[in-house]
Structure formats: C-alpha cells, structure tokens
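One structure below.
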Amino acid sequence: MDQLSGIDASFLYFETKRTPMHVAGLTLYDMPEGFKGSIYKHFRSFFESRIHLIPIFHRKLARTVFELDHPGWVDAGELDLDYHLQSVKLPKPGSQAQLEKLVAEMHAEPLDRKKPLWQFTIIDGLEKGPNGEKRAAMYSKVHHAAIDGGAGMVITKALYDLGPVPREVEAAEERKATRVPTMAERAILGAHDLMTNAVTQQLKALEAIPKAMEQALDMATKMAKADPRQLADQQLTAPKTPFSITMGKGRSYAARTVPLSKAKEIGKLTGTKLNDVVMATCSGAMHHYLKEKKKLPSTPLVAFVPMSIREAGNTDMNNQVSGMNVPLATQESDPVRRLMEIYKRSSERKDVASSVNPLMPTDYTFIGAPHVLSGLMRLYGDTQLADVIPQAVNVCISNTMGPPIPLYCAGAQVTALYPVSIVTHGVGLNFTVQSYLDGLNFGMTGGRRAVPDIDVLSDMLVAAFDELYDAAKAQAT
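In full-length UniProt numbering, the protein residues as written are 1 to 477.
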C-alpha cells in the first residue's frame, strides 16, 4: 500500500457532498471526415487500449484501521469500465449552452471512493461545426488527491497523439490479481507508517531550522528597508462579494476562448507577463459583473494563484503545488492601469512566496487526521461560517501552459481543451485557463448560488479581454 502524502490526502478530507474535490476537463473534438457509427463505442474501444498507460487509473483507496492515518493506494483489480467510461447524448440542438449546463450537473457529482477515482463521459449530439463536421466532446474527471495540473499532462500524453493515425503503444500486460492487505496487516502497517512519518517529519523540521532562520532574517531585512506606506498597503483579507458564501450542491460552468497571440501581444506592449494578462482579464470581467449588480467592493478582490513546485521532468502522479494571494485591482476602471497594478502586486507576492514556499511542509501526519479534518470541514459547511467570517481570497485563478501543436484522440482532432475546476465554501468562483494552439481556453466554475448567471460573467470576460487589448494598443501608439 502506497500511503498518500498529507497534501494529497487533504483533498479527501476537505471533500463533502457540497464540495467535491475532483478536477476535470471538457475536450471538444472534430470527428474524422466521413465518420459513421457510435461515437461512444469508437472512443471506448480506443481508451480501453490506452488506460493501462496510466497507473493511477488502476488503483483505489484503502483506509488504515480506524482511519488513524492517511489512506493509501492499492491495486483495484478488474476495472468496472461501465462506470469509468460513460455516455450522454445532448438533446437537439446540442448548443454550447446545453453542453455547459450538462458539464455543471456532472461536475457536482462526487466520484465513488470504492472505485479508482476517475471517470470519462463521452458526449454526443453536439451541433455540427461551421463546415458541417461532426463534433463530439468528453468530460473527464479525476480526483485531486491523485493529480495536479502537472501530473494531468501525463494523462494527456498517454491518451493523445500528434496525428490522426493513433500511434502504436505497448499492449497491456495481463494483470495479475494483487492481494490487498488485510485489516490486521493494515493495522500493523498503519502504526509503523504513522510512527515513521512522525519521526521523518520531525527530522525534516529540525533540518529546516537553519534555512528558516536565514529566510526569516532576509525577509525582516527587506521589510526594514521597505517603504512604510507599502507595508501598510498589504491586504490581509478579501472583501465580501456574492462569491463569498457557503456552497450548495449545484454548480455553474462556462467555457470561453480568447486568442493566445493577442494575450502575448498585450504582455509585450505593457512589459507584463502572460499570467498577469490572464489575471487582469478575469479582474476586468469581475469588475464589470459586480459593478452591474451594484456589488463592486471599494477594495480589490483577492485571488489565490497556484504555483507549481514540480521539478522539470517529474511525472509523479501526485500534487506538487503551492500558491500566493494576489490583489486584483478590481476597483480600478482603466484596464491598463488595472493590469499594471496586478503586475506590481503579483511580482511582490511572488518574491515572498518564492522565499516562503521552500520552507512550507509538503507532508504532515497526526493521529486521527482523517476524522479530525473531515469533521472540521463538515462543521464549517453545516454552520455556514463562510457566509459571515472574512475570507483570505475571493476567487482562484490558475493558468497552465498546454500543447502548442494539434492533438488527436482516436483519430478525432482536438479543437479545444477547457478546464473544469474546484470551488469551495467562501470561494465560490474559479477561473482555470489552459492554452492550446492559439487559444487561451478559460473554464469558469462557480457555485450555482454564488454565480447563477455564469454565462453573463463569461461573456463579460471576453469583452474585458478585448477592452484590455484595445487599451494596450492605444496606449502604445
């Protein structure tokens, strides 16, 4: 049994019926020219020939005795492919709005923890493309306890090809049944692992003391030299917004694309980075959305921005991520000034995060962690504390670089890759972005109570991007 790290296990502990902790994707395809037959059977046959390339797809959770410590992964045996590979057909006309509504409904349903934590749904019935091409989609979800964005690219590599003719892959070896440890064995292993983890983490903490002291001294020196006005301007909490509420079970979802080349041009014209342009686009959308509702705070909204700590070439199927909180200048009406303020703030926060993140523990353990943390999360939701207490952030904004070249799956060309992500109590809106070819694909996930009209927000996002592009070009001339 391979035990989960504290970070990976946290996504299990923080999951409730109202806060599923899976990450997902919506992939759009153009089917091969002249394709006939069942889209579902076509893709299922292909996936059956490839899923052996993804080890985590063949593993399931096993609890320690009395759940005294983090669970582990064990071999799942024979897969129930009727569960893992499902099919849905949209009613006519099969519009984008219908597809987004379906994704929101599927995304609200947690994965079955008795099985490997993944599920693909092939979606048929989409409107034909502009040239009459037959289209299909796939909604794919995997639990966040198993992967982060970097590990997700391993799945992409396994399932996709660089041309319409699928490449040859090694055939799956005959799977031999692996004996799952008995409860008695797990009790012995669990006690051993709990003691080993505790000792290891204590040693790591002791080893980190000199470096922590050095980093603390360095930060203190920087703060002593900093302008007092700058220190006083640090925002520690986020303002109250319609997104800052306890989540219900329902979700809302929208997907939009803007040109990657234009986003890079904005960065070049303003001397900012692509991630700043992404944040400024989201900020502009929320500025207009909240202003129209007369709920725009006078202080800036704050975003949690994940940061990968995965080393180059690392393909481990686990979470290797940290993050920083960035004020979004939503109170600023001018799009370029908004971008420049975000650039300034994100640079400051990144410097701090780069100093602090190496010192942050990537694992933890204590007796009864599954019971204690899961119970606290349920209590937090049941008491609806998120409706009243201040939050550190309002929204999550994540940006992942995707493939710059065309991808194919089962001979069908991928036309778009849209992320579908997580919202939780107090943070009811998530913008996750993935580039593909010349597209920046925004997947906007919200709590249905927090953002019931997410289609309106998503249209404002496209308008905010165009507004920023025009303003950046006008300022440069």
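C-beta atoms are modelled at their ideal positions from N, C-alpha and C, and glycine is treated no differently. On a predicted model such as this, the values are computed, not experimentally measured, just so you know.
Taking Cβ positions, are residue i and residue j nearer each other than 9 Å?
i	j	result
serine 283	arginine 338	yes
aspartate 161	isoleucine 39	no
glycine 72	alanine 62	yes
serine 244	asparagine 430	no
leucine 90	leucine 102	yes
alanine 9	proline 306	no
arginine 59	aspartate 75	yes
isoleucine 155	valine 142	yes
valine 278	asparagine 399	yes
alanine 410	histidine 42	yes
alanine 416	leucine 28	yes
leucine 26	proline 404	no
So, for residue i: in the same chain, excluding its five sequence neighbours on each side, which residues have a beta-carbon less than 8 Å away from its beta-carbon?
i	result
valine 462	Arg256, Val258
glutamate 105	Arg251
threonine 477	none
alanine 392	Leu236, Thr237, Ala238, Val302, Phe304, Asn325
tyrosine 289	Val456, Leu457, Met460
glycine 439	Thr257, Val258, Pro259, Leu260, Ala416
Got a sec, what are the start and stop residues for the beta strand (DSSP E) residue i sits in?
i	result
proline 259	251 to 259
asparagine 441	439 to 447
serine 87	85 to 89
phenylalanine 120	118 to 124
lysine 60	59 to 62
tyrosine 160	Note, tyrosine 160: premise wrong, no beta strand (DSSP E); not H, not E.
proline 370	Here proline 370 belongs to no beta strand (DSSP E); instead the alpha helix (DSSP H) covers 369 to 382.
Nearest to residue i by alpha carbon, out of the options?
i	options	result
asparagine 441	Met401, Phe47, Lys141	Met401
glycine 6	Pro419, Tyr364, Asn399	Tyr364
phenylalanine 120	Asp82, Ile147, Pro20, Ala145	Asp82
methionine 153	Ile454, Gln434, Asp466	Gln434
leucine 457	Ser140, Gly443, Met138, Gln98	Gly443
threonine 16	Phe46, Met377, Ile54	Met377
leucine 328	Gly375, Leu301, Pro335, Ile422	Leu301
lysine 473	Leu269, Val451, Leu417	Leu269
tyrosine 408	Arg167, Lys141, Asn131, Leu26	Arg167
threonine 246	His42, His425, Asp453	His425
proline 20	Glu100, Ile54, His144, Phe366	His144
valine 414	Gly163, Gly132, Lys240, Phe46	Gly163
glutamate 265	Leu468, Thr27, Glu174, Arg44	Leu468
proline 297	Val427, Gln96, Lys240	Lys240
proline 335	Phe366, Met286, Phe304	Met286
tyrosine 139	Gly439, Arg113, Glu100, Val165	Glu100
proline 452	Ser333, Tyr380, Leu437, Tyr253	Tyr253
Return the first residue and the last residue of the alpha helix (DSSP H) that residue i is part of.
i	result
glutamine 98	96 to 107
methionine 279	274 to 292
glycine 6	6 to 13
aspartate 455	454 to 476
residue 478	Look at the range of the chain in this structure, 1 to 477, and you will see that residue 478 is not part of it.
histidine 143	Where histidine 143 is concerned, there is no enclosing alpha helix (DSSP H), although the beta strand (DSSP E) it sits in stretches over 135 to 143.
serine 45	39 to 48
So, for residue i: in the same chain, excluding its five sequence neighbours on each side, which residues have a beta-carbon less than 6 Å away from its beta-carbon?
i	result
residue 489	Given a span of 1 to 477 for the chain in the structure shown, any question on residue 489 remains unanswerable.
phenylalanine 465	Val258, Thr281
leucine 373	Tyr13
alanine 172	His52
residue 485	Outside the shown range of the chain, which is 1 to 477, sits residue 485, and nothing can be said about it.
Use the C-beta contact count for residue i: other C-beta atoms within 10 angstroms, 16 or more gives buried, fewer gives exposed.
i	result
glycine 446	buried
arginine 18	buried
threonine 383	exposed
valine 388	exposed
proline 390	exposed
leucine 236	exposed
leucine 385	exposed
threonine 200	Summary for threonine 200: the model assigns pLDDT 48, below 50, so the residue's position carries little reliability; its value from the coordinates is reported in the next sentence. Under this definition threonine 200 is an exposed residue.
isoleucine 397	buried
Skipping 5 residues on each side, what residues in its chain have a beta carbon closer than 7 Å to that of residue i?
i	result
lysine 134	Met31, Phe35, Lys128
lysine 249	Lys17, Arg18, Ala108
arginine 50	Ala158, Leu159, Val169
glutamate 292	none
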